[in-house]
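A short worksheet on the structure shown next.
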Amino acid sequence: MARTMTVDLGSELRDYVQFLVDSGDYRSNSEVLRESLRLLREKQAASKLEQLRHLIDEGEGSGDPLMWNAEEFLERMKKAPHAK
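Residues in the sequence shown are numbered consecutively from 773, following this note's numbering.
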């Protein structure tokens with residue numbers, strides 16, 4: 773279901789959108805904006821994936837894993853001075 777959305781792009785971006793349509797690369801302003809948002813979504817997803825890879829590398833480089841017991845950990849946290 774299509775919904776209309778009013779967006780103020782400013783003159784520079786508005787002119788660029790019109791240039792892309794006039795050049796024949798896109799059929800409409802809406803097509804330009806849909807493609808732009810799709811690319812932005814892909815870029816953000818790639819950035820999140822890169823962050824995740826960095827965190828995995830950081831974790832793998834932090835040394836050997838230590839064994840721990842979740843119940844013991846929670847009990848220690850309850851007894852800690854900052855516990856409520």
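Just so it is clear, CB atoms sit at the ideal spot from N, CA and C, and this is done for glycine as well.
In chain order, what residues of the same chain lie with their CB nearer than 6 Å to the CB of residue i, ignoring the 5 residues before and after it?
i	result
Gly804	First, the amino acid is wrong: residue 804 is Val here, not Gly. Here the set comprises Val789, Leu792 and Tyr798.
Alpha carbons only, please: which of the options is nearest the one belonging to residue i?
i	options	result
Met777	Ser819, Glu822, Ser802 and Leu785	Ser802
Trp840	Ser834, Gly833 and Arg848	Arg848
Ala774	Glu784, Arg806, His826 and Gly831	Arg806
field: Any alpha helix (DSSP H) of 4 or more consecutive residues that is wholly inside the segment 796 to 835
entry: Taking only runs of at least 4 residues, the alpha helix (DSSP H) segments lying wholly in the segment 796 to 835 are 801 to 832.
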